[in-house]
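What follows is a single structure, written as structure tokens, with notes after it.
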Amino acid sequence: MASDPYITLEDVVFSRNGRPIFDGVSLSIPKGKITAIMGPSGTGKTTLLRLIGGQLKPDRGRVVVAGESVPELGRSALYRLREKMGMLFQSGALFTDLSVFENVAFPLRIHTRLPEDMIRDVVLMKLEAVGLRGARELMPAQLSGGMTRRVALARSIALDPELIMYDEPFAGQDPIAMGVLVKLIRDLNGAMGLTSVLVSHDVPESLSICHYACIVADGRVIGEGSPEQLRQHPSEQVQQFLHGYPDGPVPFHYPAPAARADWDICEVSS
Amino acid sequence: MARRTMEVTVGVFMLLGGLALVFLALQVSGLTPGSNGETYEVQARFNDAGGLTPRGRVSMAGVTIGRIRSIELDRNTFQARVTMDIDTAVDNIPTDSSAIIRTSGLLGEQYIDISVGVDETLMADGDVFYSTQSAMNLERLIGNFASGR
Amino acid sequence: MIDRIARIGRSGLEVARSFGRSGLFLAGVLAGFPRTSAGFALLVRQLYAIGVLSLAIIVVSGLFIGMVLALQGYTILSDYGSEDAIGQMIALTLVRELGPVVTALLFAGRAGSALTAEIGLMKATEQLSSMEMMGVDPLRQVVAPRLWGGFLAMPLLAMIFSSVGIWGGKLVGVDWLGVFEGSFWGNMQASVEFLDDVMNGVIKSIVFGFVCTWIAVFQGYDCVPTSAGISSATTKTVVYSSLAVLGLDFVLTAVMFGSF
């Protein structure tokens with residue numbers, strides 16, 4: 001475990017509509033590294049990112065980002081902190097009424113008072129980094145899924161954040177797009193010294209780029225460590241997730257009443 | 001859409017709205033800039049104000065020259081006291097003119113018609129009409145006719 | 001029985017809660033009147049989307065309503081030989097009632113539903129969320145320009161509607177049915193008061209514009225971010241706006257024209 005955590009979650013409890021989602025999650029995310037948070041669908045991985053970003057408040061526990069306790073921040077302090085964060089949404093979340101160029105320029109126009117030619121230079125630089133400098137005039141509707149995510153990535157690094165969070169970056173991508181994203185995430189982390197948090201259930205891709213990983217299931221962290229440590233992890237649940245066995249501690253069947261009651265089968269007396 | 005075109009159309013839109021307001025003010029409500037607001041007040045007492053309403057017309061020879069401001073009961077004489085605002089452009093009404101309540105058409109609204117007198121002195125702000133003629137009450141008229149009086 | 005009472009109580013609480021949410025939402029948005037030039041650019045954009053794009057439907061409906069009023073009025077008034085009063089009838093109906101009310105109803109269908117769907121979709125595609133994560137307040141960036149745009153556009157649209165309607169009435173009454181033009185305008189001018197009729201109509205349309213846009217942006221912002229959620233929010237916008245406009249029209253009419 002690296003000595004310098006950028007994000008610390010301590011005993012976080014969170015429930016939505018009375019349904020518990022996290023039941024005491026503790027986690028530290030080291031500075032300047034890529035951390036993968038993995039887990040089955042529906043375990044609230046995205047919720048975890050929203051807790052870090054302050055869009056949701058935990059019922060109990062502490063969320064500390066860059067030395068500041070997020071749930072206790074006032075509105076303006078929270079918005080200032082968010083300028084240091086970038087987040088890549090699963091859908092890309094590009095503004096559909098703005099061109100690619102304007103999408104990337106958006107955070108710059110809002111948060112800085114740079115002159116127009118400087119904004120242009122910065123935007124083109126960021127688009128160059130994701131290999132889409134030539135696509136600047138296109139509208140989001142004209143982009144493929146992979147390109148959408150790359151534009152969104154360029155937008156989230158426009159303000160040179162300290163932290164970038166990726167929400168399911170690989171979901172639904174073809175192998176080439178996936179390869180491009182893996183390369184981009186690794187390169188950005190190396191080149192800019194970003195702290196990266198990656199939420200995913202694509203095990204091989206995530207493990208191939210992260211320095212550190214943890215697996216969340218049933219509202220708890222069930223395993224953490226370097227990719228190597230995880231592969232050797234003794235827990236059956238971790239092994240089932242990593243290898244994708246259909247049955248195991250996470251059962252194939254959703255909890256159901258006894259089959260006999262549902263199909264109305266009578267005991268046949270012999 | 002280019003930003004310039006958009007700004008121009010929005011400008012035209014707001015201009016149209018302004019023009020509509022001007023049209024409603026001048027052509028529809030007949031508000032004439034200039035003479036607006038410049039009025040003086042005169043009163044008339046009627047035995048029966050009939051269906052007269054505030055904001056009703058005050059006219060002379062069929063031309064509107066003012067509006068009725070208020071209609072109230074005079075506690076001392078038990079008459080209706082009608083206060084009118086007359087356009088200052090018409091400041092030469094002789095004092096012996098009379099105020100008559102008339103009906104436009106057979107069933108139309110009632111208004112005050114000023115029948116011009118011959119006196120040399122003129123009505124001024126706050127003056128009261130010396131002679132008035134109350135509303136023609138159709139029911140009473142028919143009643144009188146029937147009883148032969 | 002107890003169960004039913006509990007259910008009524010719960011739905012009452014739900015209604016109160018949604019009123020409270022929309023009130024808080026409104027307070028947050030009203031504080032966001034554009035103060036910077038970038039903010040004004042957003043407002044101009046919304047005035048275009050809400051006002052200019054609604055102009056065609058407003059002008060066409062206004063024209064037809066004015067023409068129909070003239071036709072109907074003529075048939076009735078000519079029975080009493082007072083077809084000269086047609087100008088007065090058309091102008092008063094349009095300026096006091098039909099102008100503000102029909103404009104608001106068309107506005108709810110044309111612009112209100114579009115606002116709801118747009119904001120709802122932005123929510124569903126995480127655009128609002130991503131704005132928040134970029135440190136940009138979506139209430140100020142997205143909702144406030146739309147609310148102020150609708151608020152400013154409605155009275156303008158209503159006045160244009162009334163003017164076009166009166167012109168359409170003149171077209172039918174004077175040019176087609178042969179009412180004398182002088183008495184058409186003369187009767188109108190004698191009976192329409194600028195402050196009491198025209199301005200009260202404008203005040204009505206300001207109130208309607210406020211309520212319709214408020215309902216539209218709130219329904220969009222508060223919708224369940226799925227396709228079913230957006231569709232039900234759009235329906236709600238049109239239904240609630242129409243009901244609010246008709247209800248408020250009664251209240252405002254009673255206050256403005258009821259007592260004299």
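Residue numbers (UniProt numbering), protein chains in the order written: chain A, 1 to 270; chain B, 1 to 149; chain C, 1 to 260.
Where a beta carbon is used, it is the ideal one built from N, C-alpha and C, also for glycine.
Just so it is clear, the structure is predicted and the values come from calculations on it, not from any experiment.
Opening and closing residue of the beta strand (DSSP E) in which residue i lies
i: C/Phe-208; result: First-last for C/Phe-208: 200 to 221, but that is the alpha helix (DSSP H), not the beta strand (DSSP E).
i: C/Val-143; result: Segment: none, C/Val-143 is in no beta strand (DSSP E) and carries neither H nor E.
i: A/Asp-11; result: 5 to 16
i: A/Phe-95; result: Unbroken run through A/Phe-95: none, as it is neither H nor E.
i: A/Arg-19; result: 19 to 30
i: C/Val-136; result: Neither: C/Val-136 is in no beta strand (DSSP E) and is coded neither H nor E.
i: residue 279 of chain A; result: Not covered by the structure: residue 279 of chain A. The range shown for chain A is 1 to 270.
i: B/Glu-41; result: 39 to 46
i: A/Leu-88; result: 85 to 88
i: B/Gly-11; result: Unbroken run through B/Gly-11 is the alpha helix (DSSP H), 3 to 23; no beta strand (DSSP E).
Residue i to residue j span [Cα, whole Å]
i: B/Glu-7; j: B/Pro-54; result: 46 Å
i: B/Ala-2; j: B/Thr-9; result: 11 Å
i: B/Ser-104; j: C/Ala-104; result: 36 Å
i: C/Leu-47; j: C/Ser-82; result: 43 Å
i: C/Gly-28; j: C/Ser-22; result: 10 Å
i: B/Gly-34; j: B/Leu-26; result: Low confidence applies here, because B/Gly-34 scores a pLDDT of 49, under 50, leaving its location unreliable; read the following figure in that light. Each residue's alpha carbon lies about 12 Å from the other.
i: A/Leu-159; j: A/Leu-184; result: 17 Å
i: A/Arg-50; j: A/Gly-74; result: 16 Å
i: A/Asp-97; j: C/Lys-236; result: 25 Å
i: A/Asn-17; j: A/Asp-23; result: 15 Å
i: C/Gly-229; j: A/Pro-234; result: 44 Å
i: C/Ile-90; j: A/Gln-90; result: 57 Å
i: A/Ala-191; j: A/Asp-4; result: 19 Å
i: A/Thr-148; j: A/Leu-48; result: 23 Å
i: B/Ile-65; j: C/Asp-197; result: 20 Å
i: A/Pro-257; j: A/Glu-236; result: 26 Å
i: C/Glu-14; j: C/Val-224; result: 15 Å
i: A/Phe-14; j: C/Ile-215; result: 32 Å
i: C/Ala-38; j: A/Phe-241; result: 49 Å
i: C/Met-159; j: B/Leu-21; result: 6 Å
i: A/Met-38; j: A/Gly-54; result: 20 Å
i: C/Ile-2; j: C/Gly-9; result: 10 Å
Sequence-distant residues of its chain with Cβ nearer than 7 Å to residue i (five each side left out)
i: C/Leu-43; result: Pro-34, Pro-145, Trp-148 and Gly-149
i: C/Arg-7; result: none
i: C/Leu-157; result: Gly-51, Ser-54, Ile-58, Thr-103 and Phe-107
i: C/Tyr-74; result: Glu-83, Ile-86, Gly-173 and Leu-177
Range covered by the alpha helix (DSSP H) that runs through residue i
i: A/Pro-204; result: 203 to 209
i: C/Ala-85; result: It is not in any alpha helix (DSSP H) - C/Ala-85 carries neither H nor E in the DSSP assignment.
i: C/Asp-175; result: Looking at the DSSP string, C/Asp-175 is not in any alpha helix (DSSP H), and its letter there is neither H nor E.
i: C/Ala-228; result: 227 to 257
i: B/Val-61; result: Residue identity check: residue 61 of chain B is Ala in the sequence provided, not Val. Neither: B/Ala-61 is in no alpha helix (DSSP H) and is coded neither H nor E.
i: C/Arg-4; result: 2 to 30
i: residue 276 of chain A; result: Outside the displayed range of chain A (1 to 270) lies residue 276 of chain A, so it cannot be described from this structure.
i: C/Ala-190; result: 181 to 191
i: C/Thr-116; result: 113 to 124
i: C/Leu-69; result: 55 to 79
i: A/Leu-114; result: From DSSP, A/Leu-114 is part of no alpha helix (DSSP H); its letter is neither H nor E.
i: B/Gly-55; result: Before going further, note that residue 55 of chain B is Arg rather than Gly in the sequence given. Run containing B/Arg-55: none; DSSP gives neither H nor E here.
i: A/Val-238; result: 236 to 243
i: A/Glu-228; result: 227 to 231
i: A/Ala-256; result: Where A/Ala-256 is concerned, there is no enclosing alpha helix (DSSP H), given that its DSSP letter is neither H nor E.
i: A/Thr-47; result: 45 to 53
Same chain, Cβ closer than 8 Å to residue i, five either side skipped, listed in chain order
i: A/Asp-174; result: Gly-146
i: C/Ser-18; result: Asp-222
i: B/Asn-137; result: Asp-48 and Gly-50
Spatial neighbours of residue i in its chain, beta-carbon cut-off 6 Å, leaving aside the 5 residues before and after
i: A/Val-100; result: Ala-135, Arg-136, Leu-138 and Val-151
i: B/Gln-133; result: Ile-100
i: B/Asp-113; result: Ser-59, Ile-100 and Arg-102
i: A/Val-64; result: Thr-8
i: A/Leu-163; result: Met-85 and Thr-195
i: residue 271 of chain A; result: With chain A covering 1 to 270 only, the question about residue 271 of chain A has no answer from this structure.
i: A/Val-12; result: Phe-22, Val-25, Pro-58 and Gly-61
Between the stretch 192 to 210 of chain C and the stretch 247 to 257 of chain C, do at least 3 Cβ pairs fall closer than 8 Å?
Yes, they touch.
Counting pairs of beta carbons, one from the stretch 45 to 54 of chain C and one from the stretch 150 to 159 of chain C, are three or more of them closer than 8 Å?
Touching, yes.
Runs of beta strand (DSSP E) lying entirely within the stretch 69 to 140 of chain B, each at least 3 residues, in chain order:
DSSP runs (the beta strand (DSSP E)) wholly in the stretch 69 to 140 of chain B: 79 to 87, 98 to 103, 110 to 115 and 131 to 133.
On the three-pair Cβ rule with 8 Å, is the stretch 134 to 144 of chain B touching the stretch 86 to 95 of chain B?
They do not touch, by the three-pair rule.
Would the stretch 20 to 39 of chain A count as touching the stretch 207 to 224 of chain A if we require 3 or more Cβ pairs under 8 Å?
Contact holds: three or more Cβ-Cβ distances are below 8 Å.
Where in the stretch 147 to 215 of chain A do unbroken runs of the alpha helix (DSSP H), each at least 4 residues long, occur, reported from the N-terminal end onward?
Within the stretch 147 to 215 of chain A, the runs of alpha helix (DSSP H) that reach at least 4 residues and sit entirely inside it are, in chain order, 175 to 192 and 203 to 209.
Would you say the stretch 161 to 176 of chain A touches the stretch 115 to 134 of chain A, given that touching needs at least three Cβ pairs under 8 Å?
Counting C-beta pairs with one atom in each stretch, the stretch 161 to 176 of chain A and the stretch 115 to 134 of chain A have fewer than three that are closer than 8 Å, which means they do not touch.
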